[in-house]
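Residue numbers (this note's numbering), protein chains in the order written: chain L, 272 to 588; chain G, 407 to 601. Here a beta-carbon is modelled for each residue, glycine too, at the ideal position from N, C-alpha and C.
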Amino acid sequence: MSQKTYTYYPGCSLQHGNHAYEVSNRAVAKALGFELAEIDDWNCCGATEYFSLNRLPAYALVARNLARAADGGATEVVAPCSACFLNLYKTDKHMKLYPKLNDQVNEALGAGNLSYKPGTLKVRHLLEMIITDVGFDMLKDRTRRPLYGLNFAPYYGCLIARPDNVLDSTEQPTLMDQMIEVLGAKATDFHLKTFCCGGHMTQISEETAYGMIHRIIKNAVDSGADAIVTICPMCQMNLDVYQGYANDMFGTKYEIPVMFFTQVIGLALGLSPRELGFGQEFVNMSGLIDKIQSSPPPKAKAARRPKEALPMPVMPE
Amino acid sequence: MKAAEKSTLFDRVVKATPGGEALAQCLQCGSCGGSCPSAVDMDHSPRALFAMINAGMEDEVLGSNTPWYCVSCYACTTRCPQNIPITDIMYTLKQMAVQRGHYDHPHAIKFSETFIGFVEQRGRGFEFGLATRYHLFHRPKQFLQPTQVFKMGAMGANMMRRQRLPVRPVSIREIDQLQAILAKAKVVAAKEMQA
Numbered sequence: 272m273s274q275k276t277y278t279y280y281p282g283c284s285l286q287h288g289n290h291a292y293e294v295s296n297r298a299v300a301k302a303l304g305f306e307l308a309e310i311d312d313w314n315c316c317g318a319t320e321y322f323s324l325n326r327l328p329a330y331a332l333v334a335r336n337l338a339r340a341a342d343g344g345a346t347e348v349v350a351p352c353s354a355c356f357l358n359l360y361k362t363d364k365h366m367k368l369y370p371k372l373n374d375q376v377n378e379a380l381g382a383g384n385l386s387y388k389p390g391t392l393k394v395r396h397l398l399e400m401i402i403t404d405v406g407f408d409m410l411k412d413r414t415r416r417p418l419y420g421l422n423f424a425p426y427y428g429c430l431i432a433r434p435d436n437v438l439d440s441t442e443q444p445t446l447m448d449q450m451i452e453v454l455g456a457k458a459t460d461f462h463l464k465t466f467c468c469g470g471h472m473t474q475i476s477e478e479t480a481y482g483m484i485h486r487i488i489k490n491a492v493d494s495g496a497d498a499i500v501t502i503c504p505m506c507q508m509n510l511d512v513y514q515g516y517a518n519d520m521f522g523t524k525y526e527i528p529v530m531f532f533t534q535v536i537g538l539a540l541g542l543s544p545r546e547l548g549f550g551q552e553f554v555n556m557s558g559l560i561d562k563i564q565s566s567p568p569p570k571a572k573a574a575r576r577p578k579e580a581l582p583m584p585v586m587p588e
Numbered sequence: 407m408k409a410a411e412k413s414t415l416f417d418r419v420v421k422a423t424p425g426g427e428a429l430a431q432c433l434q435c436g437s438c439g440g441s442c443p444s445a446v447d448m449d450h451s452p453r454a455l456f457a458m459i460n461a462g463m464e465d466e467v468l469g470s471n472t473p474w475y476c477v478s479c480y481a482c483t484t485r486c487p488q489n490i491p492i493t494d495i496m497y498t499l500k501q502m503a504v505q506r507g508h509y510d511h512p513h514a515i516k517f518s519e520t521f522i523g524f525v526e527q528r529g530r531g532f533e534f535g536l537a538t539r540y541h542l543f544h545r546p547k548q549f550l551q552p553t554q555v556f557k558m559g560a561m562g563a564n565m566m567r568r569q570r571l572p573v574r575p576v577s578i579r580e581i582d583q584l585q586a587i588l589a590k591a592k593v594v595a596a597k598e599m600q601a
């Protein structure tokens with residue numbers, strides 16, 4: 272792949288509480304040979320908050336980013352945050368589907384001398400972009416430190432899997448599982464991979480949020496994972512920062528690190544933990560590096576019948 | 407205005423929601439409530455709420471906590487056999503409850519308003535300002551309990567130590583452009599409300 276430049280929408284969270292994600296995205300982009308160029312003077316996507324209060328300004332807020340990206344000559348825009356991704360994707364899609372909404376949003380954009388024709392941009396999530404454009408072959412080829420012996424619970428969260436099927440399934444996607452296996456690690460059988468992390472509920476109704484967080488963490492630990500891999504800053508924040516609170520509420524002692532998927536890729540590419548923004552997490556993840564083995568663990572043998580079991584029935588001759 | 411001339415709750419919900427027409431096709435199957443991760447805390451399941459919308463129970467619907475416990479995860483939307491945009495209908499119900507003025511679940515509204523206040527002012531979210539302003543001004547009773555103050559203070563300190571809670575807000579360059587767009591959008595939205 273030649274040096275390709277992608278128009279990039281980082282989102283507020285990557286500039287504030289989840290700077291580690293931004294650091295690892297940049298490091299991985301450099302190592303894999305593509306560039307991330309920010310939309311000029313982008314603004315917040317409004318998360319789920321603006322749509323709850325006033326729909327049209329919420330669409331207009333997102334559309335300003337789309338319009339500025341299209342003005343810059345972009346044909347696609349990549350977002351690493353699932354909420355930002357969905358807002359950009361949904362605004363573009365709804366403007367295309369509902370002509371009246373399109374007129375209204377463009378009327379609002381006109382007040383800032385902007386306009387946006389829906390369909391101009393293809394909105395993509397960074398995970399889908401890396402898997403599709405960089406590809407598993409290249410990831411395998413560039414792997415310098417295969418993550419043998421590590422078990423990861425692939426956690427997709429809601430807003431990339433739903434409401435539209437941009438990965439391979441809305442219920443049980445497997446693309447990130449495959450990516451983890453390509454990097455030498457094992458993806459565990461993690462059932463709640465698209466269960467919601469609770470979003471803003473940690474601020475509004477703690478019991479609701481901690482219940483959801485606890486369910487995800489318990490399921491990940493039960494699946495045999497050493498760490499959870501996320502693709503969204505909100506999911507990382509909820510599962511990592513509030514893990515202790517969920518433990519307090521349920522009387523559990525879970526301590527499972529929550530990593531960004533680009534940090535996992537970066538580790539396999541041989542980048543140092545510092546280059547990948549390690550150290551901002553609440554549940555320490557540096558210990559994972561010591562768990563990496565030099566050769567792939569032997570495959571578990573198929574379970575054999577115990578000696579004391581009753582004999583198999585035999586067909587009469 | 408005579409009662410007969412007033413459009414029904416159902417019509418208003420459908421009109422305000424992109425793709426809302428599908429609500430007429432609700433089978434009352436309950437896939438939505440069964441898929442919902444926060445349904446346990448709702449006073450009516452989404453299915454029940456849709457039956458209530460159909461029955462025109464405006465006070466009960468707009469006073470329900472159901473939309474405010476919706477976490478926008480779209481599990482119901484993808485599983486709905488009739489392709490009803492359930493999450494978007496929840497957004498509509500939240501807006502209608504806010505416009506109606508008297509609501510029983512102020513936390514979620516205040517959180518959204520505080521969040522958006524920073525976005526409208528600066529063009530970017532501001533987590534430190536959001537956390538302090540929201541908890542101090544809108545949840546003082548919970549916040550000012552000694553255990554809670556200690557807990558949140560420790561959390562804030564831990565976040566700051568890890569450089570996850572910058573105290574200086576960021577503003578975009580062309581904030582005038584954004585504010586002009588949002589002001590215009592509000593005018594257009596208000597005009598449609600009256601029509």
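Counting only the same chain and skipping the five closest in sequence on each side, list residues whose C-beta sits under 6 Å from that of Met407 of chain G.
Because Met407 of chain G sits at a pLDDT of 42, beneath the cut-off of 50, its placement in the model cannot be relied upon, and the following sentence gives the value as read from the coordinates. If we look at Met407 of chain G and ignore the five residues flanking it on each side, it has no Cβ neighbours.
Starting from the beta carbon of Asn460 of chain G, find every residue of chain L whose beta carbon is closer than 8 Å, and list them in chain order.
Near Asn460 of chain G there are no residues of chain L at all, since even the closest Cβ is about 22 Å away, more than 8 Å.
With a threshold of 9 Å between beta carbons, is Ser476 of chain L in contact with chain G?
So, interface residue.
Per DSSP, which residues does Leu307 of chain L bridge with? Please list them.
DSSP output for Leu307 of chain L lists L:Tyr277 as bridge partner(s).
Could you tell me the boundaries of the beta strand (DSSP E) in which Met530 of chain L lies?
Where Met530 of chain L is concerned, the enclosing beta strand (DSSP E) stretches over 529-531.
To the nearest whole angstrom, what separates the beta carbons of Leu327 of chain L and Arg413 of chain L, a pair I think is in contact under 8 Å?
Not a contact, Cβ separation roughly 45 Å.
9 Å is my cut-off, CB to CB: does His513 of chain G come that close to chain L?
It does; some Cβ of chain L falls within 9 Å.
Pull up the CB-CB distance for Glu332 of chain L and Glu519 of chain G, whole angstroms please, since I reckon it's below 8 Å.
The sequence given here places Leu at residue 332 of chain L; Glu does not occur at that position. Between Glu519 of chain G and Leu332 of chain L the Cβ distance is about 15 Å, and since that is not below 8 Å, they are no contact.
Taking buried to mean at least 16 other C-beta atoms within 10 Å of its own C-beta, is Ala461 of chain G buried or exposed?
It counts as exposed.
Is Val504 of chain G closer than 9 Å to Ile459 of chain G when the C-beta atoms are compared?
Not a contact, by the Cβ cut-off of 9 Å.
For Ile522 of chain G and chain L, any beta-carbon pair shorter than 9 Å?
Yes, because at least one Cβ of chain L sits closer than 9 Å to the Cβ of Ile522 of chain G.
When you compare the CB of Lys547 of chain G with every CB in chain L, is at least one pair closer than 9 Å?
No, because no Cβ of chain L sits closer than 9 Å to the Cβ of Lys547 of chain G.
Per DSSP, Arg395 of chain L forms a beta bridge with which residues?
Per DSSP, L:Val349.
Would Tyr280 of chain L pass as an interface residue toward chain G - the criterion being a Cβ-Cβ separation below 9 Å?
No, Tyr280 of chain L lies away from the interface with chain G (no Cβ there is under 9 Å from its Cβ).
Starting from Thr414 of chain G, trace the alpha helix (DSSP H) both ways and give me its first and last residue.
No alpha helix (DSSP H) holds Thr414 of chain G; DSSP gives it neither H nor E.
Rank L:Gln534, L:Ser494, L:Lys489 by C-alpha distance to the C-alpha of Asn518 of chain L and give the top, closest one.
It is L:Lys489.
Please list the partners that Gln375 of chain L has in chain G, where partner means a Cβ-to-Cβ separation under 7 Å.
What Gln375 of chain L touches in chain G: Val594.
Against Pro602 of chain G, what residues of chain L qualify as contacts under a CB-to-CB distance less than 7 Å, listed in chain order?
Examination of residue 602 of chain G is not possible in this model, given that chain G is present from 407 through 601 alone.
Give me the Cβ distance between Thr414 of chain G and His450 of chain G, rounded to the nearest whole Å; I'm assuming they're in contact under 8 Å.
That pair is no contact at about 19 Å.
Among L:Lys562, L:Pro584, L:Arg575, which one has its Cα closest to the Cα of Tyr419 of chain L?
The shortest Cα separation from Tyr419 of chain L among L:Lys562, L:Pro584, L:Arg575 belongs to L:Lys562.
Pair every Cβ in the stretch 550-560 of chain L with every Cβ in the stretch 508-518 of chain L, then say whether three or more of these pairs are closer than 8 Å.
In short, these stretches touch, since the Cβ pair count reaches three.
Is the shortest distance between the beta-carbon of Leu588 of chain G and the beta-carbons of chain L less than 9 Å?
At least one chain L Cβ lies under 9 Å of Leu588 of chain G.
Can you give me the start and stop residues for the beta strand (DSSP E) that Asn422 of chain L sits inside?
It spans 422-425 - the beta strand (DSSP E) in which Asn422 of chain L sits, taken as one unbroken run.
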